[in-house]
Amino acid sequence: MALLAGYGEQIISPPLGTDLTGFGFYLDRRTNHILDDLKARALFLKNGGRAQLLIVCDLLGFTVPFSDKVRGRLARELGIPGESILLACTHTHSGPAAQPLAGLGVANPAYIEGLPDAISRAAAMAAASPEEAEFGYGAEAVEPIGYNRRNRDFGEIDPRLKFAVLKQKGHKTYLLNYACHAVTLGPTKEVTADWLGAAAAEVEQAGHRALVFQGFCGDIDPVCYMNRRLGATADDFKLGGKIQAQRAFKAEKYVNFTAEPELRSVEKRVRLPLQVFPKKELDKETEAAYEATREFARSREVVQGWRKRILRHHDAYLKSPWMDDVPIQAVAIGGLKIMALPGEIFSGYGVKLAARWPKLMTFGYANGNVGYLPSRKAFSTPNDYACYCAPKFYALFAFAPEVESVLLSECDGLLKRL
-18 MALLAGYGEQ IISPPLGTDL TGFGFYLDRR TNHILDDLKA RALFLKNGGR AQLLIVCDLL
42 GFTVPFSDKV RGRLARELGI PGESILLACT HTHSGPAAQP LAGLGVANPA YIEGLPDAIS
102 RAAAMAAASP EEAEFGYGAE AVEPIGYNRR NRDFGEIDPR LKFAVLKQKG HKTYLLNYAC
162 HAVTLGPTKE VTADWLGAAA AEVEQAGHRA LVFQGFCGDI DPVCYMNRRL GATADDFKLG
222 GKIQAQRAFK AEKYVNFTAE PELRSVEKRV RLPLQVFPKK ELDKETEAAY EATREFARSR
282 EVVQGWRKRI LRHHDAYLKS PWMDDVPIQA VAIGGLKIMA LPGEIFSGYG VKLAARWPKL
342 MTFGYANGNV GYLPSRKAFS TPNDYACYCA PKFYALFAFA PEVESVLLSE CDGLLKRL
């Protein structure tokens, strides 16, 4: 059967005065300017009796329950299985708060209430009139726009832009996938989709459309941060976006296209191990938390709130030291595979998976955002931000070091089922 593809989008920029998220605690970053619109972009694919829906939103992330609610609604509206719907975020830090993160911006209830409708409209637009398409994919090593912020070098990053192209009469739709935190501007009050939005805009200027999916960027920052953390401008992220789009255009001539790629998708809910300390050690852990977060102003307020939550929930977690109901999803479009995980995944996960699955895209912040998922070796660094600071606002307890091996094993198992 011939592949059918449809595209839809909706603007999801917040109203001026909305609290932005990221970069530090209680910063009161109320937006005063829209540099470029945030969007929800949707791609609907159908081949015979199978359909897939890929959505990416220019937001920091969603909770798993929120994602489940939206995906469930879309499944009912479009009549396709929930496991065939992928809902990801670009993780821009220049966007509105969209999930509850202590101290990192207060969500606008009216804005959050309207998001499912906007996403639904984008999906409906994509599914309304799909047209025949040819599909191809590839990978191209590019000038790095990101670096490993833990090591301050270019080690353990994936240098390749992964891309796919859908050729249709008169236009093309691109899927781009690369890993780099969308934090270019720092804690300004401007709204932007950062380099991912710039990459999409570069494709649009050529008369086409693009969905740009954030990769496993948990420890990857923009390369301009190697010089100085603050002071970057829109020109910096526009350059990053241009590199991604232009490299995809250049590499497209080496792609083999097919009109009949098979569509497949599988999903599994897994449990991830946590480090649940004895309650008698709470005072010691609180002092360690103060130390791990001391670089951030007003971090003591966040730690004190975390301590109260620990006291409420500690006994339950001690009996069952796991984070349950974590969605992992694998998608195939012909020979291309996609591994979608719900969090801030360290780049090394993607490097290891790519060694075993060379025709693989890796999407972070997909179907939820449970926090940082660090590499095993990162846990050996005292007061590591991703390992020991971030859980104070994302969840309760730090993940256990074996979370990497557990998650990689689950990914391999799911990819084998495609």
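For the sequence shown, the residue numbers in the working numbering are -18 to 399. Glycine included, every Cβ here is placed at the ideal spot set by N, Cα and C. Note that the structure is predicted; figures quoted are calculated from it, not measured.
Check Gln225 in the structure and name its three-state DSSP category. Reading the sequence shown from its first residue, position 244 is the one you call residue 225. When secondary structure is reduced to three states using DSSP, Gln225 falls in the helix class.
Three or more C-beta pairs below 8 Å linking the stretch 10 to 22 and the stretch 309 to 322: The stretch 10 to 22 makes no contact with the stretch 309 to 322, as fewer than three CB pairs between them are under 8 Å.
What residue from Tyr7, Arg209, Gly95 and Lys50 has the CA that sits closest to Pro(-4)'s CA? Working through the sequence shown from its first residue, we reach residue -4 at position 15. Closest by alpha carbon: Gly95.
Mind checking if Val284 is an interface residue toward chain B, Cβ cutoff 8 Å exclusive? Of the chains in the structure shown, none is chain B; there is only one protein chain.
Secondary structure at Asp393, three-state DSSP: helix, strand or coil? Position 412 of the sequence shown, counted from the start, is the residue given in the question as residue 393. Correct three-state label for Asp393: helix.
Select from Lys358, Ala335, Phe230 and Glu112 the residue whose C-alpha is nearest the C-alpha of Pro140. Locating residue 140 in the sequence shown gives position 159, where the first residue counts as 1. Nearest C-alpha to Pro140: Ala335.
Can you give me the start and stop residues for the beta strand (DSSP E) that Lys27 sits inside? Indexing the sequence shown from 1 puts residue 27 at position 46. Lys20 to Asn28 is the extent of the beta strand (DSSP E) around Lys27.
Would you say the stretch 130 to 144 touches the stretch 98 to 111, given that touching needs at least three Cβ pairs under 8 Å? Touching, no.
Comparing C-alpha positions only, which one of Ile(-7), Gly5 and Ala32 sits nearest to Asp18? Sequence index remark: in the sequence shown, residue 18 carries index 37 (1-based). Among Ile(-7), Gly5 and Ala32, the Cα nearest to that of Asp18 belongs to Ile(-7).
DSSP bridge partner residues for Gly196 (one or two, in chain order): For the purposes of this step, residue 196 is taken as the residue at position 215 of the sequence shown. Gly196 is not bridged by DSSP to any residue.
Can you confirm whether the stretch 29 to 41 touches the stretch 248 to 257 when touching is taken to mean that 3 or more C-beta pairs between the two stretches lie within less than 8 Å? At 8 Å Cβ cutoff, the stretches do not touch.
Going by CA-CA distance only, name the one from Phe25, Phe4 and Val45 that's closest to Glu(-10). The residue given as residue -10 occupies position 9 in the sequence shown. Closest option to Glu(-10), Cα to Cα, is Phe25.
Nearest to Ile61 by CA position, among Gln285, Ala105 and Pro77, is which residue? In the sequence shown, counting from the first residue as 1, residue 61 sits at position 80. Nearest C-alpha to Ile61 among Gln285, Ala105 and Pro77: Ala105.
Using the Cβ count rule (16 or more neighbours within 10 Å means buried), how would you classify Met342? Counting from one through the sequence shown, the residue named residue 342 turns up at place 361. Flag for Met342 reads buried.
Following the continuous alpha helix (DSSP H) through Trp176, name the residue where it begins and the one where it ends. Start at 1 with the first residue of the sequence shown, and residue 176 comes out as number 195. Residues Asp175 to Gln186.
Uninterrupted alpha helix (DSSP H) stretches inside the stretch 17 to 103 (no shorter than 4 residues): Within the stretch 17 to 103, the complete alpha helix (DSSP H) runs of at least 4 residues fall at 45 to 59.
Do Asp175 and Ser75 have their CB atoms nearer than 8 Å? Locating residue 175 in the sequence shown gives position 194, where the first residue counts as 1. Locating residue 75 in the sequence shown gives position 94, where the first residue counts as 1. Cβ distance < 8 Å, so Asp175 and Ser75 count as in contact.
Meets three-Cβ-pair contact criterion under 8 Å: the stretch 217 to 236 and the stretch 264 to 280: Between the stretch 217 to 236 and the stretch 264 to 280 there are fewer than three C-beta pairs closer than 8 Å, too few to call the two in contact.
Could you tell me which whole alpha helix (DSSP H) segments of length 4 or greater appear in the stretch 220 to 299? 263 to 273, all fully within the stretch 220 to 299.
Using 8 Å as the cut-off, can you tell me whether the stretch 350 to 366 makes contact with the stretch 51 to 69, which would need three or more C-beta pairs spanning the two stretches below that distance? Under the three-pair Cβ rule at 8 Å, the stretch 350 to 366 does not count as touching the stretch 51 to 69.
Which residue wins for smallest C-alpha separation from Gly42, given the options Thr73, Gly29 and Asp49? On the sequence shown, position 61 is the one that residue 42 refers to. Ranking Thr73, Gly29 and Asp49 by Cα distance to Gly42 puts Thr73 first.
Enumerate in chain order the residues of its own chain whose CB-to-CB distance from Asn364 is below 8 Å, with the five nearest sequence positions on each side excluded. Mapped onto the sequence shown, residue 364 falls at position 383. Taking C-beta separations shorter than 8 Å and ignoring five residues to either side along the sequence, the partners of Asn364 in its chain run Ala269, Glu272, Ala273 and Cys370, following chain order.
Counted within 10 angstroms of its Cβ, other Cβ atoms place Glu325 as buried (16 or more) or exposed: Position 344 of the sequence shown, counted from the start, is the residue given in the question as residue 325. Glu325 sits buried, since 16 or more C-beta atoms from the chains shown fall within 10 Å of its C-beta.
Would you mind reading off the limits of the alpha helix (DSSP H) that contains Lys373? Here residue 373 refers to the residue found at position 392 of the sequence shown. Unbroken alpha helix (DSSP H) run through Lys373: Pro372 to Tyr375.
List the endpoints of the continuous beta strand (DSSP E) containing Ala321. Position 340 of the sequence shown, counting from 1, holds the residue named residue 321. For Ala321, the uninterrupted beta strand (DSSP E) run begins and ends at Leu317 to Ala321, by DSSP.
Among Ser328, Leu8, Lys170 and Val236, which one has its Cα closest to the Cα of Glu115? Here residue 115 is taken as the residue at index 134 of the sequence shown, counted from 1. Distances from the CA of Glu115 to each of Ser328, Leu8, Lys170 and Val236 were compared; the closest alpha carbon is that of Val236.
Counterpart residues of Ala163 in DSSP-defined beta bridges: Numbered from its first residue, the sequence shown carries residue 163 at position 182. Looking at the DSSP assignment, Ala163 forms a beta bridge with Thr73.
So who's on the other strand from Phe378, going by DSSP bridges? Within the sequence shown, the letter at position 397 stands for residue 378. In DSSP, Phe378 forms no bridge with anything.
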